[in-house]
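**Student:** Questions regarding the structure given below will be posed in turn.
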Amino acid sequence: MKRLIAYLIICVLMAVSFVACSKTKQSEPVKTIKPGEKIQITSSSLTDDGKWKTVITSSDGENKSPQLSWTPVENASCYAIYMIDTSANNW
259 MKRLIAYLII
269 CVLMAVSFVA
279 CSKTKQSEPV
289 KTIKPGEKIQ
299 ITSSSLTDDG
309 KWKTVITSSD
319 GENKSPQLSW
329 TPVENASCYA
339 IYMIDTSANN
349 W
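Whatever position you read off the sequence shown (first residue = 1), add 258 for our numbering.
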């Protein structure tokens, strides 16, 4: 009988812990840039003809990250920058 009571207590405690751990904070909706809003990105790592300076490229340079600056977007908590190297032939 004592084993049954101990078993039931353990089951109740486990159930309570699962319920307590399952309560998560609701996430806020993702905010996106509205159509017509723009973000301006500039870089001192570009040459006058719009190409990356040699120290930026990995094939014949030092494989350094480019310097990037942008205008802040109101209420933005993070930014994602996606770049494609069109000269790499899909590596």
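Ideal Cβ positions, reconstructed from N, Cα and C, are used throughout, including at glycine.
Throw me the rounded Cβ distance for the I301 and L326 pair, which I believe falls under 8 Å.
**Tutor:** Checking the sequence, you will find Ser at residue 301 rather than Ile. Going by Cβ atoms, the distance from S301 to L326 rounds to 5 Å, so yes, they are a contact pair.
**Student:** I think S303 touches W310, with their Cβ atoms under 8 Å apart; what is that distance to the nearest whole Å?
**Tutor:** Rounded, the Cβ-Cβ distance is 6 Å, consistent with contact.
**Student:** For my contact list, V331 and I297 are in at a C-beta cut-off of 8 Å; report their separation, rounded to the angstrom.
**Tutor:** Rounded, the Cβ-Cβ distance is 6 Å, consistent with contact.
**Student:** List the residues that DSSP assigns as beta-bridge partners of I299.
**Tutor:** Partner(s): W328.
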